[in-house]
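A quick write-up on the structure given underneath.
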Amino acid sequence: MNTIDPLLTMHEVTAMLRISPASLYRRVADGTLPKPLKLGHLSRWSRSDLLSALEAASGGKQEERA
Numbered sequence: 010m011n012t013i014d015p016l017l018t019m020h021e022v023t024a025m026l027r028i029s030p031a032s033l034y035r036r037v038a039d040g041t042l043p044k045p046l047k048l049g050h051l052s053r054w055s056r057s058d059l060l061s062a063l064e065a066a067s068g069g070k071q072e073e074r075a
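Under the working numbering, read the sequence shown as residues 10 to 75, first letter to last.
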């Protein structure tokens, strides 16, 4: 069964990552996070692309929570 990957707004991404909009764009500029998809004048991020970038940045490790 196919699922649709949600596209997130800047506000949703910053809330999810708990960072400021300036930090989001800084991380996009340095290549840590993917560039947004442009839909006209709107910027949207693929949730799966963000999660993949975060996993790659952490070295593919999943931290266990106690």
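Backbone N, C-alpha and C define an ideal beta-carbon position, used for all residues, glycine too.
- Looking at the DSSP output, Arg53 sits in a beta bridge with Leu46.
- The shortest CA-to-CA distance from Pro43 to any of Ser61, Ile13 and Pro15 is the one to Ser61.
- Under the DSSP assignment, Arg36 falls in the alpha helix (DSSP H) whose first and last residues are Pro30 to Ala38.
- Residue Val22 holds the alpha-carbon nearest to the alpha-carbon of Leu63 among Val22, Asp14 and Leu16.
- Between Trp54 and the set Thr18, Asn11 and Ile13, the nearest pair of CA atoms involves Thr18.
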